[in-house]
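Chemist: Counting along the sequence shown from 1, when you hit position 16 you're at 45 in our numbering, and nothing is skipped either side.
All residues carry an ideal CB built from backbone N, CA and C; glycine is no exception.
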Amino acid sequence: MQLEAIQHSVLIGDECHPQARVKSRVSDEAGFGRSLFGRLGLVGHSEDLPNMQYRMHPEISSFPNHKFYKDQIRYV
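(1) Going by DSSP in three states, Y83 sits in which element: helix, strand or coil?
(2) Helix, strand or coil for R63? Go by DSSP, reduced to three states.
(3) Report, in whole angstroms, the separation of the C-beta atoms of F92 and E76, which I expect to be a contact under 8 Å.
(4) What number of angstroms, rounded off, separates the C-alpha of G62 from the C-alpha of P79?
Below, the structure written as structure tokens:
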């Protein structure tokens, strides 16, 4: 598959997860601790936050929902 032939892509991940730990000063200065989603955001790519929680009980996920997602996650 050639990259020139790709017109669309879907990336799935979570920008709210902890970032990579970079122990090298040179790597840190080069920005290697920044996630792919963080890099894409810097150049203007939009993101959509999935906001439906199917897997965890609301009492378990209430802390991360409040702390990391500003209470945007709804429970199904």
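Modeler: Judging by the given coordinates:
(1) What you label residue 83 is simply residue 54 of the sequence shown in a count that begins at 1. Y83 sits in coil when the DSSP states are folded into three classes, being neither helix nor strand.
(2) The sequence position of residue 63 within the sequence shown is 34, counting from 1. R63: coil per DSSP, three-state reduction.
(3) Locating residue 92 in the sequence shown gives position 63, where the first residue counts as 1. Locating residue 76 in the sequence shown gives position 47, where the first residue counts as 1. The Cβ separation is near 23 Å, so there is no contact.
(4) If you number the sequence shown from 1, residue 62 lands on position 33. If you number the sequence shown from 1, residue 79 lands on position 50. The straight-line gap from Cα to Cα measures roughly 24 Å.
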